[in-house]
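Accompanying notes for the structure given below.
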Amino acid sequence: MADPQDVLARRVQTALGAAFGAEYAGTDPVIRPSQFADYQANAALALAKRLGRKPRDVAADIVAHLDAGDVVRDIEISGPGFINLTLRADWIADRAQELLADPRAGVPVQQRQNIPIDYSAPNVAKEMHVGHLRTTVVGDALARTLEFLGHNVIRQNHLGDWGTPFGMLIEHLLEVGEGSAEADLVKTDPNRFYQAARAKFDGSEEFAARARARVVALQSGDPATLRLWRELIELSKAYFNRIYAKLDVTLTDADLAGESMYNDALAGICDELEEKGIAVVSEGALCVFLPGFTGREGKPVPLIVRKSDGGYGYGTTDVATLKYRSEVLKADRAVYVIGAPQAMHLKMAWGTAKAAGWADGTEPVHVQIGNVLGTDGKILRTRSGAPIRLMALLDEAIERAAKVVGEARPDLDPDTRARIAQQVGIGAVKYADLSVAHDTEYVFDFDRMLALHGNTGPYLQYAAARIRSIFRKGGLEPEQATGPIELGEDAERALALTLLGFGPVVAHVGDTLEPHRLSGYLFELAQAFTTFYERCPVLKADDDSVRASRLALTAATLRVLVQGLDLLGVQAPEQM
RNA sequence: GCACCCGUAGCUCAGUGGAUAGAGCAUCGGACUUCUAAUCCGACGGCCGCAGGUUCGAAUCCUGCCGGGUGCGCCA
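All letters in the first sequence, in the order written, are residues 1 to 576 by UniProt numbering.
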């Protein structure tokens with residue numbers, strides 16, 4: 001492909017074989033971006049010891065055997081034995097031209113894998129919080145990216161749709177009446193419904209008793225109870241789908257794979273674990289003790305697969321999820337986009353499934369999601385200490401964006417402004433989640449994420465909007481800009497070289513499941529474009545060939561920006 | 001107590017065992033008869049928590065310590 005780093009690696013490897021013998025042709029040539037050239041090859045330093053020669057002499061030998069005149073303009077040995085490589089401008093231009101003609105913009109198609117991705121996972125009749133927001137946004141970006149790389153992505157929205165709270169929720173639903181305004185709160189403000197149920201449960205012994213009886217009825221499959229349970233789920237789905245629509249994530253009802261889905265499998269799982277000697281009864285509960293998991297005072301920590309009352313908790317269902325994803329979905333990788341605090345629990349559930357032989361051929365991966373903090377450094381809450389309503393938070397982002405758009409673009413009609421505000425506000429929130437490493441905590445700060453400066457969604461959207469403005473003004477479609485690309489100015493060369501990095505970085509995200517790498521790349525690209533934009537007039541270029549080349553570079557940049565943002569799940573407005 | 005994660009510029013964060021550790025924000029100084037000045041350019045800013053070790057070479061790998069976060073038996 002057109003990845004310069006890859007091309008250079010192969011050329012240098014060939015040189016290594018030619019210079020030192022075939023057994024050296026497999027050595028990592030250690031090609032890295034360089035501050036003194038485009039790239040540097042650092043293989044000589046590591047090889048010097050193996051060969052018993054001076055690093056600089058080894059480097060000279062590599063250079064003498066390097067056949068790369070068609071790719072590289074300048075080769076220089078410097079320092080203790082670094083080989084600095086400067087690419088030919090015409091080679092970069094040709095690769096950029098290929099990228100422009102490639103519908104995939106240089107992104108490779110990878111060996112197809114089955115990849116279930118567990119993400120979002122809100123609870124029925126409960127408000128989604130910023131933690132859900134983050135797993136939803138990160139998981140969705142991974143799903144989009146892996147799909148684009150050619151994988152068979154199976155979205156698994158592991159809804160919290162089962163458990164003891166449903167006793168009180170169903171009883172509360174009965175009391176307020178199906179179809180009542182109170183019941184409709186589940187669709188709009190689920191925490192108020194949940195808290196009302198909770199208050200009754202805590203305040204009335206009689207209600208609590210009914211709730212407990214209702215749990216038993218639910219678990220034993222009582223049809224009337226099941227119908228009410230399904231009603232609650234339907235109401236909640238309306239809420240989730242409003243959030244998902246506002247967030248522009250790809251989850252649909254078809255992706256729902258809630259806890260209850262595994263109910264029928266749990267008893268069998270426990271029996272089999274016990275038969276295989278993996279699980280033992282301890283203090284009345286069926287437990288799996290795995291080596292390496294100890295808690296306070298060195299006591300072994302169990303994964304409880306059957307509670308002493310005979311019920312099942314999330315330990316059992318999480319064993320069941322991996323079993324299902326491995327045996328039924330034939331997962332090559334099973335991705336869990338879940339909060340970092342659950343790391344130990346997941347390891348135990350997976351360890352149990354593996355011990356039982358239920359995860360053969362499947363690599364489970366935990367994409368750990370760090371906590372979201374407020375500007376005070378604490379878990380994000382409202383001033384009164386209540387958890388923040390996700391819908392209100394998204395609306396605030398849109399409102400803030402609308403205020404900026406209203407001030408900056410009074411010339412646009414209200415509908416257009418509203419649409420831009422929606423795209424910018426939501427894009428800013430999503431990009432903020434995606435621009436930092438998923439496993440670190442990060443500070444939620446509207447002012448920062450909505451800024452036009454820095455590594456923000458709006459900055460990238462603005463770069464794309466300016467490009468579209470160029471084509472509007474020039475009276476042509478981006479597709480009509482076909483070059484040929486010729487690189488003269490430094491800014492043109494730097495932009496073209498940056499464009500070539502798109503495919504590799506997307507592939508890297510697919511391998512490491514780190515979307516923030518793509519964000520960082522897109523930010524670099526937007527910066528490279530902005531510099532180009534400042535220094536290189538496109539429409540007003542001096543002559544036609546330069547104009548055609550710059551238009552092509554601009555079109556390629558738009559393609560990569562829009563495609564990259566799309567992989568992250570962020571929209572690129574036509575204008576801003 | 002044990003386990004996992006984290007400690008990088010005043011702040012928020014990047015950083016593939018490679019040369020003089022990078023962005024953005026903030027601060028200061030510049031740039032607009034020119035495709036969107038909401039965008040750019042420059043300056044300032046660092047014992048990469050501390051101490052050892054491995055290595056030709058460590059922010060990166062290993063060990064110990066200090067500081068912060070999280071988890072550790074019947075909620076999920």
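Cβ atoms here follow ideal geometry from the backbone N, Cα and C, with glycine treated the same way.
Whole-angstrom distance between residue j and residue i, CA atom to CA atom
i, j, result
"Ala43", "Ala59", "8 Å"
"Asp6", "His508", "13 Å"
"Arg144", "Thr440", "22 Å"
"Gln571", "Gly457", "9 Å"
"Ile388", "Glu479", "44 Å"
"Ala464", "Pro108", "23 Å"
"Ala359", "Gly17", "41 Å"
"Asp332", "Arg517", "23 Å"
"Asp271", "Val249", "39 Å"
"Leu497", "Phe240", "42 Å"
"Leu412", "Val404", "13 Å"
"Glu363", "Ala451", "39 Å"
"residue 577", "Thr294", "The first residue shown for the chain is 1 and the last is 576, placing residue 577 beyond what the model contains."
"Lys187", "Gly488", "58 Å"
"Tyr262", "Tyr314", "11 Å"
"Ala392", "Phe444", "14 Å"
"Ala15", "His345", "49 Å"
"Ile233", "Asp90", "60 Å"
Residue i burial status per 10 Å Cβ neighbour count (16 or more: buried)
i, result
"Ser236", "buried"
"Lys430", "buried"
"His438", "buried"
"Thr554", "buried"
"Asp140", "buried"
"Arg535", "exposed"
"Val424", "buried"
"Thr557", "buried"
"Glu399", "exposed"
"His158", "buried"
"Asp318", "buried"
"Pro537", "exposed"
"Arg472", "exposed"
"Met576", "buried"
"Phe36", "exposed"
"His151", "buried"
"Lys54", "exposed"
"Ser519", "buried"
"Lys126", "buried"
Selected residue, minimal CA-CA separation from residue i, among the options
i, options, result
"Ala224", "Gly167, Asp61, Met261 and Glu274", "Gly167"
"Arg112", "Val538, Gly510, Phe532 and Leu525", "Gly510"
"Leu266", "Ser282, Lys323 and Ile75", "Lys323"
"Arg230", "Val124, Leu434 and Ala494", "Val124"
"Ser260", "Leu495, Leu218 and Ala451", "Leu218"
"Gly160", "Met128, Glu182, Gly177 and Ala183", "Met128"
"Ser120", "Thr164, Val30 and Tyr244", "Tyr244"
"Ala254", "Ile154, Arg296 and Phe20", "Ile154"
"Phe446", "Ile426, Leu228, Ala397 and Gln527", "Ala397"
"Gln461", "Val560, Gly483 and Leu499", "Val560"
"Tyr312", "Arg95, Gly163, Ala491 and Phe82", "Gly163"
"Phe193", "Ala199, Leu185 and Ser34", "Leu185"
"Leu565", "Leu551, Val506 and Thr530", "Val506"
"Arg214", "Ser435, Pro165 and Gln195", "Pro165"
First and last residue of the uninterrupted alpha helix (DSSP H) at residue i
i, result
"His366", "Run containing His366: none in the alpha helix (DSSP H); it sits in the beta strand (DSSP E), Glu363 to Ile369."
"Asp511", "Phe502 to Thr512"
"Cys270", "Asn263 to Glu275"
"Glu477", "Element bounds for Glu477: n/a, residue is neither H nor E."
"Ala334", "First-last for Ala334: Arg333 to Gly339, but that is the beta strand (DSSP E), not the alpha helix (DSSP H)."
"Ser545", "Asp544 to Leu568"
"Pro122", "Neither: Pro122 is in no alpha helix (DSSP H) and is coded neither H nor E."
"Arg517", "Pro515 to Arg535"
"Ser236", "Pro223 to Leu247"
"Thr317", "Tyr314 to Glu327"
"Phe446", "Phe446 to Met449"
"Pro108", "Premise fails: Pro108 is in no alpha helix (DSSP H) and is neither H nor E."
"Thr416", "Pro414 to Leu434"
Residue range of the beta strand (DSSP E) that includes residue i
i, result
"Asp360", "Unbroken run through Asp360: none, as it is neither H nor E."
"Leu290", "Ala285 to Thr294"
"Ala279", "Ala279 to Ser282"
"Pro300", "Pro300 to Arg306"
| message | I'd like the ranges of any alpha helix (DSSP H) spanning at least 4 consecutive residues and lying wholly in the UniProt domain "Arginyl tRNA synthetase N-terminal" (6 to 87). | response | Every unbroken stretch of the alpha helix (DSSP H) spanning 4 or more residues and falling wholly within the UniProt domain "Arginyl tRNA synthetase N-terminal" (6 to 87) is given here in chain order: 43 to 51 and 55 to 65.
| Of all the alpha helix (DSSP H) runs that stay within the bounds of the segment 133 to 205, which reach a length of 4 or more residues? | If we require 4 residues or more, the alpha helix (DSSP H) runs fully inside the segment 133 to 205 come out as 165 to 176, 181 to 188 and 190 to 203.
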